[in-house]
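Chemist:
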Amino acid sequence: MAVFAGYVDLRIAVADHVGNRNISDVMSRLTQAAEAWLNQKLRAREQITMDTVTFTSGVGALPADYLEMIALYDTSGRYPLTQGTLQEVKRVNSPYWRYAIDGSSVYLYGVTGSRNIEYYASLPTISASATGSNWLLQKYPNVYLYAVGLEAAKFLRDAELTQATAALLQGAMNDLKIDDERAQWGNGAVRLQMQTP
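In my numbering, the protein residues as written are 393 to 589.
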């Protein structure tokens with residue numbers, strides 16, 4: 393069972409954390425501000441997503457929830473291409489194994505067709521409905537509590553509470569990072585990609 397059933401439970405917990413129930417009218421804005429901050433700072437295995445981008449004359453639109461590219465694959469879908477600068481990719485006779493990102497578009501010179509991408513997706517917002525939830529709220533409720541709590545403390549202009557909540561948020565983010573690294577690499581071994589003597 394999750395600590396918070398959804399957005400309403402989080403709202404109550406944040407109000408209790410900051411000691412002020414009169415912030416409910418701005419809670420949606422505070423939650424979205426916290427989610428924007430989390431989208432800047434957080435990269436976890438649960439955010440990794442696969443999608444297909446359709447290119448027309450070398451330009452493809454990135455998904456709406458795109459945050460950061462992990463890999464863009466060749467036509468076989470097995471080999472990742474190399475990211476380069478926009479100037480390199482737009483140059484005539486640019487190699488097909490280089491791509492560039494500019495704004496909400498990805499460039500792969502002269503390509504028309506589909507390519508698979510792997511990327512970090514943004515957090516789905518939870519403030520759209522009373523029962524709104526996402527993987528972060530379910531698995532790491534303290535991260536959400538302290539991220540929204542930090543925004544609430546700043547809104548209330550409580551410097552002491554802001555400082556205390558920022559420390560709690562940093563601790564929760566560190567715990568999430570450790571958990572994520574253990575889940576991804578816990579049984580991994582270092583393997584050199586070259587000949588050794």
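We put the beta carbon where it would ideally sit given N, CA and C, even for glycine. As the structure is a computational prediction, the values presented were derived from the model and not from experiment.
Since Tyr538 and Leu560 should fall inside the 8 Å C-beta cutoff, what is the C-beta to C-beta distance between them, to a whole number of angstroms?
Modeler: If you number the sequence shown from 1, residue 538 lands on position 146. If you number the sequence shown from 1, residue 560 lands on position 168. With a Cβ gap of about 5 Å, Tyr538 and Leu560 count as contacting.
Chemist: What number of angstroms, rounded off, separates the C-alpha of Gly524 from the C-alpha of Tyr399?
Modeler: For the purposes of this step, residue 524 is taken as the residue at position 132 of the sequence shown. For the purposes of this step, residue 399 is taken as the residue at position 7 of the sequence shown. Using only the alpha carbons, I get a separation of about 5 Å.
Chemist: Output the distance between the C-alpha atoms of Glu460 and Arg435, rounded to the nearest integer angstrom.
Modeler: Residue 460 sits at position 68 when you count from the first residue of the sequence shown. Residue 435 sits at position 43 when you count from the first residue of the sequence shown. Answer to the nearest angstrom: the Cα atoms are 9 Å apart.
Chemist: Pick out whichever of Thr441, Ala405, Asp550 has its Cα sitting closest to the Cα of Ala456.
Modeler: Within the sequence shown, numbered from 1, the residue matching residue 456 stands at position 64. When only C-alpha atoms are compared, the closest one is Thr441.
Chemist: At which residues does the alpha helix (DSSP H) containing Ile415 begin and terminate?
Modeler: Within the sequence shown, numbered from 1, the residue matching residue 415 stands at position 23. Taken as a continuous stretch (DSSP letters only), Ile415 belongs to no alpha helix (DSSP H), as it is neither H nor E.
Chemist: Answer yes or no: do Ala558 and Asn534 have a C-beta to C-beta separation smaller than 8 Å?
Modeler: Here residue 558 refers to the residue found at position 166 of the sequence shown. Here residue 534 refers to the residue found at position 142 of the sequence shown. No, these two residues do not count as a Cβ contact at 8 Å.
Chemist: Determine whether the beta carbon atoms of Ala513 and Gln439 lie at a separation below 8 Å.
Modeler: Along the sequence shown, read from residue 1 onward, the residue named residue 513 stands at position 121. Along the sequence shown, read from residue 1 onward, the residue named residue 439 stands at position 47. Cβ atoms of Ala513 and Gln439: closer than 8 Å.
Chemist: When the Cα of Leu454 is compared with those of Trp489, Ile493, Tyr532, which residue comes out closest?
Modeler: In the sequence shown, counting from the first residue as 1, residue 454 sits at position 62. The residue with the shortest Cα to Cα distance from Leu454 is Ile493.
Chemist: Grouping DSSP H, G and I as helix and E and B as strand, with all else coil, what is Met586?
Modeler: Looking up residue 586 in the sequence shown gives position 194. Coil.
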